[in-house]
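Colleague: Going left to right, the sequence shown walks through residues 1 to 241 as full-length UniProt numbering numbers them.
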Amino acid sequence: MHSDVPILLINLDRSKQRLQSATEQLNQWRLPFTRISAVDGKSLDENTVKRVFDEDNARCRYPYDLTIGEIGCYLSHVKCWQYIVDHKLDFAVILEDDLCLNADTPKVLDQLRKITTEWDYIKLASPYKFRPYHIVEQLTQSNPTISLVRYRQKIPSGTVAQVISYRGAQRLLQQRPPFFRPIDVDIQWQHELTLDTFGLLPYIADNADAPSEIQQLATRKALKQRRWVKLKELLRFKLKI
Numbered sequence: 001m002h003s004d005v006p007i008l009l010i011n012l013d014r015s016k017q018r019l020q021s022a023t024e025q026l027n028q029w030r031l032p033f034t035r036i037s038a039v040d041g042k043s044l045d046e047n048t049v050k051r052v053f054d055e056d057n058a059r060c061r062y063p064y065d066l067t068i069g070e071i072g073c074y075l076s077h078v079k080c081w082q083y084i085v086d087h088k089l090d091f092a093v094i095l096e097d098d099l100c101l102n103a104d105t106p107k108v109l110d111q112l113r114k115i116t117t118e119w120d121y122i123k124l125a126s127p128y129k130f131r132p133y134h135i136v137e138q139l140t141q142s143n144p145t146i147s148l149v150r151y152r153q154k155i156p157s158g159t160v161a162q163v164i165s166y167r168g169a170q171r172l173l174q175q176r177p178p179f180f181r182p183i184d185v186d187i188q189w190q191h192e193l194t195l196d197t198f199g200l201l202p203y204i205a206d207n208a209d210a211p212s213e214i215q216q217l218a219t220r221k222a223l224k225q226r227r228w229v230k231l232k233e234l235l236r237f238k239l240k241i
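#1: Report the partner residues of V78 according to the DSSP bridge assignment.
#2: Less than 8 Å between C-beta atoms, sequence neighbours within five positions excluded: which residues of the same chain meet that for Q25?
#3: Which of the three DSSP states is assigned to R226 in this structure?
#4: What residue range is occupied by the uninterrupted alpha helix (DSSP H) comprising D98?
#5: Is the beta carbon of L200 sitting closer than 7 Å to the one on I94?
#6: Taking the Cβ atom as the reference point for each residue, do P144 and P202 lie within a distance shorter than 7 Å?
#7: Does Q162 pass the burial test, meaning 16 or more other C-beta atoms within 10 Å, or should it be called exposed?
#8: Rank K230, P106 and C60 by C-alpha distance to the C-alpha of F179 and give the top, closest one.
#9: Quick check on the DSSP output: what are the complete beta strand (DSSP E) runs of length 3 or more inside the region 81 to 153, in order along the chain?
#10: Can you name the start and end residues of the beta strand (DSSP E) that G199 belongs to?
#11: Can you tell me the Cα-Cα spacing of H87 and R227, whole angstroms?
#12: Is the beta carbon of Y74 less than 7 Å from the beta carbon of I183?
#13: Output yes or no for whether 7 Å exceeds the beta carbon distance between V108 and I204.
#14: Can you name the residues that DSSP bridges to T34?
#15: What number of angstroms, rounded off, separates the C-alpha of R131 from the C-alpha of Q17?
#16: Using the beta-carbon count (16 or more within 10 Å), is D97 buried or exposed?
#17: Using the Cα positions of L231 and T197, report the straight-line distance between them to the nearest angstrom.
#18: What's the call for L148, buried or exposed, on a 16-neighbour Cβ count within 10 Å?
#19: Have a look at L19 and L139 and give me their C-alpha separation to the nearest angstrom.
#20: Determine the burial state of residue 251: buried for a count of at least 16 other Cβ atoms within 10 Å of its Cβ, exposed for fewer.
#21: What is the rounded straight-line gap between the Cα of L124 and the Cα of V136?
#22: Considering only heavy atoms of the ligand SAM, does any lie closer than 6 Å to the CB of V163?
#23: Short of 8 Å in beta carbon distance, which residues of its chain neighbour N21, apart from the five on each side in sequence? Order them along the chain.
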């Protein structure tokens, strides 16, 4: 394992148990990390929300009202992008604290500096739905076979584990905030954000069973849906307009 692979762990100050669980997992694989204090959606004032969240665009282009937890989650990832730029890191692994790492983690992360393809963003997890892909670069032939892949349509949702390059962080900070979609959905619109996005397989992480405190103070699917907006955006995505 390369000791110089930077790892940023997003964790709410009040989520002590999650920090302990994530720390134990990372320590198990001897992976040092930097804790990033997550933005607590409950503590955001109205002026801050208005500054970072584009409500008008959200109503036109996203079928659900964002929860305050999702806004806090997005801002937590923005802090990680800024950390990458401020510290002039080639890249950083960004993890959320509701993660379950697997035994492939050290071997997969060890390949990051060996990738020759230009990239901005690499998914390290696909916790919700399988997304078809094709192999771009075969990094190892041994068990496990580690491959850089490009997704055929959408990239996987969820932001429990990913890698972002310096260039990727710069591109994201130039465009966000303000934002109008949850962070995982926004990244799926990689053509809008001009990101070169890939996946690194096998995936190293999954979400823990408990709901994420960082991302959700309400369940997205339980919210009222703007059906016309959803249909319009599905068409826009397919046409890349």
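The beta-carbon is built from N, C-alpha and C at its ideal position, and this holds for glycine as well.
Modeller: Straight from the coordinates:
#1: Translated into the one-based positions of the sequence shown, residue 78 becomes position 78. Answer is none; V78 lacks a bridge partner.
#2: Along the sequence shown, read from residue 1 onward, the residue named residue 25 stands at position 25. Excluding sequence neighbours, Q25 sits near L99, C100 and L101.
#3: If you number the sequence shown from 1, residue 226 lands on position 226. Coil, per DSSP.
#4: Along the sequence shown, read from residue 1 onward, the residue named residue 98 stands at position 98. Annotation for D98: no alpha helix (DSSP H) segment contains it, and DSSP assigns it neither H nor E.
#5: Here residue 200 corresponds to residue number 200 of the sequence shown, with the count starting at 1. Here residue 94 corresponds to residue number 94 of the sequence shown, with the count starting at 1. The Cβ atoms of L200 and I94 do not sit closer than 7 Å to each other.
#6: If you number the sequence shown from 1, residue 144 lands on position 144. If you number the sequence shown from 1, residue 202 lands on position 202. Yes, the Cβ-Cβ distance between P144 and P202 is below 7 Å.
#7: The residue you call residue 162 lines up with position 162 of the sequence shown. Buried is the call here.
#8: The sequence position of residue 179 within the sequence shown is 179, counting from 1. Nearest in C-alpha terms to F179, of all of K230, P106 and C60, is C60.
#9: Qualifying beta strand (DSSP E) stretches, in chain order: 91 to 96, 99 to 101, 121 to 123, 133 to 138 and 147 to 151.
#10: To locate residue 199, count along the sequence shown from 1; it is residue 199. For G199, the enclosing beta strand (DSSP E) covers residues T197 to L201.
#11: Translated into the one-based positions of the sequence shown, residue 87 becomes position 87. Translated into the one-based positions of the sequence shown, residue 227 becomes position 227. Using only the alpha carbons, I get a separation of about 43 Å.
#12: The sequence position of residue 74 within the sequence shown is 74, counting from 1. The sequence position of residue 183 within the sequence shown is 183, counting from 1. Their beta carbons are under 7 Å apart, which means Y74 touches I183 by this criterion.
#13: The residue given as residue 108 occupies position 108 in the sequence shown. The residue given as residue 204 occupies position 204 in the sequence shown. Closer than 7 Å, so yes.
#14: As a position in the sequence shown, residue 34 is number 34, starting the count at 1. Per the DSSP secondary-structure output, T34 pairs in a beta bridge with L8.
#15: Position 131 of the sequence shown holds residue 131. Position 17 of the sequence shown holds residue 17. Rounded to the nearest angstrom, the two C-alpha atoms are 32 Å apart.
#16: The sequence position of residue 97 within the sequence shown is 97, counting from 1. D97 should be labelled buried.
#17: Counted from its first residue, the sequence shown places residue 231 at position 231. Counted from its first residue, the sequence shown places residue 197 at position 197. Using only the alpha carbons, I get a separation of about 24 Å.
#18: Counting from 1 along the sequence shown, the entry for residue 148 is found at position 148. By the neighbour-count definition (other C-beta atoms within 10 Å, threshold 16), L148 is a buried residue.
#19: Residue 19 sits at position 19 when you count from the first residue of the sequence shown. Residue 139 sits at position 139 when you count from the first residue of the sequence shown. So the two alpha carbons sit approximately 32 Å from each other.
#20: Outside the shown range of the chain (1 to 241) lies residue 251, about which nothing can therefore be said.
#21: Numbered from its first residue, the sequence shown carries residue 124 at position 124. Numbered from its first residue, the sequence shown carries residue 136 at position 136. Distance between L124 and V136, taken at the CA atoms: about 15 Å.
#22: The ligand SAM is not part of this structure, which contains no ligands at all.
#23: Residue numbering aside, residue 21 sits at position 21 when the sequence shown is read from its first letter. Per the sequence shown, the amino acid found at residue 21 is Ser instead of Asn. So the qualifying residues of the chain are D97 and A208.
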